[in-house]
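See structure below.
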Amino acid sequence: MLLPREFVTYLSRQIVRRLAPGTIETAAPERVAELVNNVIADELDAEDRLNDEVRDKLEDYSDYMRREGISYQDMFRKAKNAMVQQRKIVRASGRDTGDQMKLSRDKITDISHKLITAMRKSRDLRMKKDPNDARLEIVKVFTDILQLEEKSDKAARDKVRSMKRDIPEGSEEWDILQKRYYAEELKKYGIDPNK
1133 MLLPREFVTY LSRQIVRRLA PGTIETAAPE RVAELVNNVI ADELDAEDRL
1183 NDEVRDKLED YSDYMRREGI SYQDMFRKAK NAMVQQRKIV RASGRDTGDQ
1233 MKLSRDKITD ISHKLITAMR KSRDLRMKKD PNDARLEIVK VFTDILQLEE
1283 KSDKAARDKV RSMKRDIPEG SEEWDILQKR YYAEELKKYG IDPNK
């Protein structure tokens, strides 16, 4: 998943907090936050499932790729693009589409539409504003928080890279240090995914 699950849970709670009481009215904010969390997690998991499906398909073609001199990355990209177009999936990764953020603007917009649809069906809340106004507010909250997350992630990676001894990216030590620095950077912005 492009975003850690704890961060998705935090993001969901923040969306509900910032929408209530001006945009939505609810007596059960925790249930609404769970609804928001489920929609976002399902959307992000969809791309992970697609990636797994592409990997499974490419296993069948490993001999062909080796014989023809086609790189795995090129074949993966081509196969994924074909499946994305066939299934009309909005890409989650912003970096694949030229955005600097982890999630593309298109994916954030797509998720906001799905959140509004889910909220309108929910009995746990009442919309106080026009659905499109509420959707635009969701996009703003989403974007604001993701920009802070991106800054935190970049700063954490820079800290690990700037250490005196060389720590290979992807190693267990790198992951441990990056997670620790990432949590510290998030706290500088007042973000605690565990709350």
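Sequential numbering of the sequence shown, starting at 1133, is according to this note's numbering. The C-beta atom is built at its ideal place from N, Cα and C for all residues, glycine as well. Bear in mind the structure is a predicted one, so any value in this text is a computation, not a measurement.
Under 8 Å by Cβ, that's how I've got residue i and residue j pegged, so tell me the actual separation to the nearest angstrom.
{"i": "A1211", "j": "K1189", "result": "6 Å"}
{"i": "S1284", "j": "Y1321", "result": "7 Å"}
{"i": "K1261", "j": "T1155", "result": "5 Å"}
{"i": "Y1313", "j": "K1296", "result": "With a Cβ gap of about 15 Å, Y1313 and K1296 do not count as contacting."}
{"i": "F1274", "j": "S1244", "result": "7 Å"}
Quick one: Cα of residue i to Cα of residue j, how far?
{"i": "T1229", "j": "N1213", "result": "Unreliable placement is indicated for T1229, whose pLDDT of 49 sits below 50; no coordinate value is reported for it."}
{"i": "D1206", "j": "R1255", "result": "46 Å"}
{"i": "K1220", "j": "E1200", "result": "30 Å"}
{"i": "A1266", "j": "Y1196", "result": "50 Å"}
{"i": "Q1217", "j": "V1186", "result": "13 Å"}
{"i": "R1149", "j": "D1276", "result": "14 Å"}
{"i": "A1173", "j": "Y1193", "result": "31 Å"}
{"i": "D1184", "j": "Y1204", "result": "14 Å"}
{"i": "E1305", "j": "P1263", "result": "46 Å"}
{"i": "I1202", "j": "D1307", "result": "31 Å"}
{"i": "L1268", "j": "R1237", "result": "12 Å"}
{"i": "R1209", "j": "M1215", "result": "10 Å"}
{"i": "Q1279", "j": "E1301", "result": "23 Å"}
{"i": "P1136", "j": "R1198", "result": "35 Å"}
{"i": "P1153", "j": "A1160", "result": "12 Å"}
{"i": "D1097", "j": "K1319", "result": "The shown model of the chain, from 1133 to 1327, leaves out residue 1097, and the question about it has no answer."}
Classify residue i as buried or exposed, calling it buried when 16 or more other Cβ atoms lie within 10 Å of its own Cβ.
{"i": "E1317", "result": "buried"}
{"i": "R1223", "result": "buried"}
{"i": "E1162", "result": "exposed"}
{"i": "T1249", "result": "exposed"}
{"i": "I1179", "result": "Going by the sequence as given, residue 1179 is Glu instead of Ile. Buried: at least 16 other Cβ atoms inside 10 Å."}
{"i": "Q1144", "result": "Reading off the sequence shown, one finds Ser at residue 1144, where the question assumed Gln. So S1144 ends up on the buried side."}
{"i": "E1281", "result": "buried"}
If you check the beta carbons only, do residue i and residue j fall under 8 Å apart?
{"i": "E1157", "j": "R1252", "result": "no"}
{"i": "L1247", "j": "V1168", "result": "yes"}
{"i": "L1182", "j": "L1134", "result": "no"}
{"i": "E1138", "j": "P1325", "result": "yes"}
{"i": "I1240", "j": "I1147", "result": "no"}
{"i": "S1310", "j": "A1287", "result": "First, the amino acid is wrong: residue 1310 is Gln here, not Ser. Taking 8 Å as the Cβ cut-off, Q1310 and A1287 do not qualify as a contacting pair."}
{"i": "T1299", "j": "Y1142", "result": "According to the sequence displayed, residue 1299 carries Ile and not Thr. No, these two residues do not count as a Cβ contact at 8 Å."}
Could you tell me which uninterrupted beta strand (DSSP E) segments, each at least 3 residues in length, are contained entirely in the region 1215-1302, listed from first to last along the chain? 1257-1259
Uninterrupted alpha helix (DSSP H) stretches inside the region 1190-1216 (no shorter than 4 residues): 1194-1200
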